[in-house]
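What follows is a single structure, written as C-alpha cells, with notes after it.
2 protein chains.
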Amino acid sequence: MEQTTSEKILDVAQNLVVAGGYNGFSYADISDAIGIRKASIHHHFPTKAELVQVLVDRYTQRAEAGLNALRERVPGPAGQLQAYVNYWRTCILDATEPFCVCAMLASEMQMLPDTVASHVRRHFENLAAWLTSVLKAGAEQKLFRLAGSPEEEAQILMASVHGAMLSARALADRNLFAAIVGPQLARLKA
Amino acid sequence: MEQTTSEKILDVAQNLVVAGGYNGFSYADISDAIGIRKASIHHHFPTKAELVQVLVDRYTQRAEAGLNALRERVPGPAGQLQAYVNYWRTCILDATEPFCVCAMLASEMQMLPDTVASHVRRHFENLAAWLTSVLKAGAEQKLFRLAGSPEEEAQILMASVHGAMLSARALADRNLFAAIVGPQLARLKA
DNA sequence: ATATATCTACCTACTAGTAGGAAGACAAAC
DNA sequence: GTTTGTCTTCCTACTAGTAGGTAGATATAT
Chain A
18 MEQTTSEKIL DVAQNLVVAG GYNGFSYADI SDAIGIRKAS IHHHFPTKAE
68 LVQVLVDRYT QRAEAGLNAL RERVPGPAGQ LQAYVNYWRT CILDATEPFC
118 VCAMLASEMQ MLPDTVASHV RRHFENLAAW LTSVLKAGAE QKLFRLAGSP
168 EEEAQILMAS VHGAMLSARA LADRNLFAAI VGPQLARLKA
Chain B
18 MEQTTSEKIL DVAQNLVVAG GYNGFSYADI SDAIGIRKAS IHHHFPTKAE
68 LVQVLVDRYT QRAEAGLNAL RERVPGPAGQ LQAYVNYWRT CILDATEPFC
118 VCAMLASEMQ MLPDTVASHV RRHFENLAAW LTSVLKAGAE QKLFRLAGSP
168 EEEAQILMAS VHGAMLSARA LADRNLFAAI VGPQLARLKA
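Each protein sequence line maps, in turn, to chains A and B.
Its first residue numbered 18, the first sequence is counted upward by one per residue in this note's numbering.
Its first residue numbered 18, the second sequence is counted upward by one per residue in this note's numbering.
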C-alpha cells in the first residue's frame, strides 16, 4: 500500500471541499469515491469537523513548506512572486486544483466549526506574512517600488489572487486568473 | 401588510446565502426565521433551485439599477467608483450585508443548479461591464491613467473587491476591505 | 493477545418536496 | 344581499432520501 486510507480520504475530501465547500460534501461522497463504507471513514475521522480540521492543517503545512522552499530555491523576490502565481496559474489551467481550499472555506467562515475557522484564518495570516517578507526584500533591494507598506501591498496581492480565482470560476475562464494577477505583479516592479 | 411573504422569504434567504452559501441553509431555517411553515415556503417557491434563482435575479436587477443610478447621480468617474466601493465598505462595516450574494455563490459554481449558475455569471458580466464603462470614461477624460485596457482594469478591480471581501471575512477585520480596495482605486488616478 | 482497520446494521435528525384540506378574499350570478 | 365558484395563502401530516454518527462483529497483522 503506497497511500494510506487516511490520506486517500483527505485527498478526496480536499477535492470535494474545493468543489463545494464545507456543506457541499458528505461522508457518503467520500465513501463512494474510494470504495469504503461510511463507518470506516468515521474510524479515521470521528467527526466531519475533525476531518476538515486535519485537512486544513495538512493544507496549511504543505502551503507553508512550499512557500518557504520556493523562497529558498527561486532566486530573487520577483521570481519568487512569479513562481507563486505560476503555481496557481497551472493548477487552474489544468484543473488539478482550481481553487484554494482555505479561500473556499473562508467564504463560509461564519458557519464553520471554530477549530476549522481558526485554522483557515491562520493560513491567511501565513500567506500574508510570506508575501510581506518577499515584498519587503524586493523593496529593500530596490527591485520593487511599493505604494504602501509591504504589509498593505501583501494584503492587496493576496486579495487579487483570491479574487482572480473567483472570477475565473464565475466566468468559467481559466485564463482570467493570469490576466488579473499578471498586471498586479508587473505593477510592483521598479 | 407592507411586505409580502415572498419578499420576506427572499430577504431571509439572502441573508442565509450570504452567511453560508447554497448548501448552507434549508427551508426549515427560513421557516424558523419568519414564523411560517415549511410547506408554505414551497407554495411561494416550489423548489430550492427556483428560490435561489429568483433571489439572484432580484439581486442582479437591484445591483444593475443601483449601479446605473449611481452613474447618473454621482458626478465623475472617480466619484462613481468611490461611491461603489463606499457602498460595500459601509455594508461590511455595519454588517448589514458583509458579502456579495453572487460572490458567495460563485465559489460554489461547480455544484449550483444550471439556472442559478448562469444568473450568477451574468452578474459578474454586468459588474465588469459597468466598471469597464466607468474606467473608459475616466481614461477618455484623462482622469485615470490605465496600465491596460479598460476591460482588463475592470477585471482587476472586480477581483480586488471580491478578494478584499474574502480577506475581511477570513481575518475577521472589517477595515481590511477599505485598506485593500482604497489603494487600488487611488492607483488609477492620473 | 492486542491493536488496527474494516464491515454490517442501525439510529436520530434533518433534507427537499408532496397531498390534501381549511380559511379568507373577491368577483360574478342569482 | 346572499350564494356560488375560484384563487391565494397557509396549514397539518406525510413521504423518500440523506445527514452525521454509533454499536458491535469480524478480520488482519504484529
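From the three backbone atoms N, C-alpha and C, an ideal C-beta is built for every residue, glycine too.
Kindly indicate which residue of the options has the alpha-carbon position closest to the one of residue i.
{"i": "A:Ile197", "options": "B:Leu174, B:Phe116, B:Gln127", "result": "B:Leu174"}
{"i": "B:Arg204", "options": "B:Val102, B:Ala185, B:Ala164, B:Ala181", "result": "B:Ala164"}
{"i": "A:Ala100", "options": "A:Glu114, A:Leu84, A:Lys206, A:His59", "result": "A:Leu84"}
{"i": "A:Gln172", "options": "A:Glu142, A:Ala181, A:Leu183", "result": "A:Glu142"}
{"i": "B:Ile58", "options": "B:Tyr76, B:Arg88, B:Leu87, B:Lys25", "result": "B:Lys25"}
{"i": "B:Ser177", "options": "B:Gly199, B:Val34, B:Arg90", "result": "B:Gly199"}
{"i": "A:Thr113", "options": "A:Thr21, A:Gln20, A:Asn32", "result": "A:Asn32"}
{"i": "A:Ala82", "options": "A:Trp147, A:Glu169, A:Glu170", "result": "A:Trp147"}
Note down, in chain order, each residue of its chain lying with its Cβ closer than 6 Å to the Cβ of residue i, except the 5 sequence neighbours on either side.
{"i": "B:Ala120", "result": "His179"}
{"i": "A:Gly38", "result": "Met121, Glu125"}
{"i": "A:Tyr76", "result": "Val118"}
{"i": "B:Ala50", "result": "Val29"}
{"i": "A:His140", "result": "Thr77, Cys119"}
{"i": "A:Glu170", "result": "Leu152, Leu163"}
For the alpha helix (DSSP H) that residue i lies in, which residues bound it at each end?
{"i": "B:Pro167", "result": "167–187"}
{"i": "A:Met121", "result": "118–124"}
{"i": "A:Pro63", "result": "Run containing A:Pro63: none; DSSP gives neither H nor E here."}
{"i": "B:Arg106", "result": "94–110"}
{"i": "B:Asn32", "result": "22–37"}
{"i": "A:Asp190", "result": "Premise fails: A:Asp190 is in no alpha helix (DSSP H) and is neither H nor E."}
{"i": "A:Glu114", "result": "Premise fails: A:Glu114 is in no alpha helix (DSSP H) and is neither H nor E."}
{"i": "B:Ala50", "result": "44–51"}
{"i": "B:Pro145", "result": "Residue identity check: residue 145 of chain B is Ala in the sequence provided, not Pro. Its alpha helix (DSSP H) spans residues 131–157."}
Kindly list the residues whose CB is nearer than 8 Å to the CB of residue i, restricted to its own chain and excluding five residues on each side of it in sequence; keep chain order.
{"i": "B:Ala30", "result": "Phe42, Ile47, Leu68, Val69, Leu72"}
{"i": "A:Gly52", "result": "none"}
{"i": "A:Val133", "result": "Tyr39, Ala66, Val69, Gln70, Val73, Leu122"}
{"i": "A:Val34", "result": "Gly41, Phe42, Val69, Leu72, Val118, Met121, Leu122"}
{"i": "A:Val102", "result": "Val178, Ala195, Val198, Gly199, Leu202"}
Can residue i and residue j be called in contact, C-beta distance under 9 Å?
{"i": "B:Leu188", "j": "A:Arg138", "result": "yes"}
{"i": "A:Leu160", "j": "A:Pro94", "result": "yes"}
{"i": "A:Pro115", "j": "A:Met182", "result": "yes"}
{"i": "B:Ala80", "j": "B:Leu144", "result": "yes"}
{"i": "A:Leu202", "j": "A:Leu98", "result": "yes"}
{"i": "B:Met128", "j": "A:Ala45", "result": "no"}
In chain order, what residues of the same chain lie with their CB nearer than 7 Å to the CB of residue i, ignoring the 5 residues before and after it?
{"i": "B:Pro167", "result": "Thr149, Leu152, Lys153, Ala156"}
{"i": "A:Ala207", "result": "Lys159, Leu160, Phe161, Arg162"}
{"i": "B:Ser23", "result": "His61"}
{"i": "A:Gly185", "result": "The amino acid occupying residue 185 of chain A in the given sequence is Ala; Gly does not appear at that position. Excluding positions up to five away in sequence, the list reads Ile109, Arg191, Leu193, Phe194."}
{"i": "B:Met18", "result": "With a pLDDT of only 47 at B:Met18, under the threshold of 50, the placement of this residue in the model should not be trusted; the figure read from the coordinates follows. No residues qualify anywhere along the chain."}
{"i": "B:Thr21", "result": "none"}
{"i": "B:His136", "result": "Gln70, Val73, Asp74, Thr77"}
{"i": "B:Ala56", "result": "none"}
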